[in-house]
Amino acid sequence: MIEEVRSDAFLQPSHKSLYKKLKLAKAQNINRPLPQWIRLRTGNTIRDVTGDVPSLTSKRERSICSQDKAQG
42 MIEEVRSDAF
52 LQPSHKSLYK
62 KLKLAKAQNI
72 NRPLPQWIRL
82 RTGNTIRDVT
92 GDVPSLTSKR
102 ERSICSQDKA
112 QG
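Here our numbering is used: the first residue of the sequence shown is 42, the next is one more, and so on.
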């Protein structure tokens, strides 16, 4: 009886929304090894551009932040 219940549990699909499936699929595509031709092209210098890059923040955001610092 217990074995029957366990086998039925493995047959049921997991309940994920389409949004969650798409998000997981995108993350899975991003998380892959670097192609070897990129290493050859760049001379094995790979830079990781993650996190907050100050040059990419908008001018408006910088002005708002500077105003907040001046007031506080």
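Glycine included, every Cβ here is placed at the ideal spot set by N, Cα and C.
Collapsing the DSSP output to three states places I71 in a helix. In the three-state scheme derived from DSSP, where H, G and I count as helix and E and B as strand, T83 is classed as helix.
Rounded to the nearest whole angstrom, the CA to CA distance from L63 to K57 is 10 Å. A straight-line Cα-Cα distance of about 16 Å links I87 and I71.
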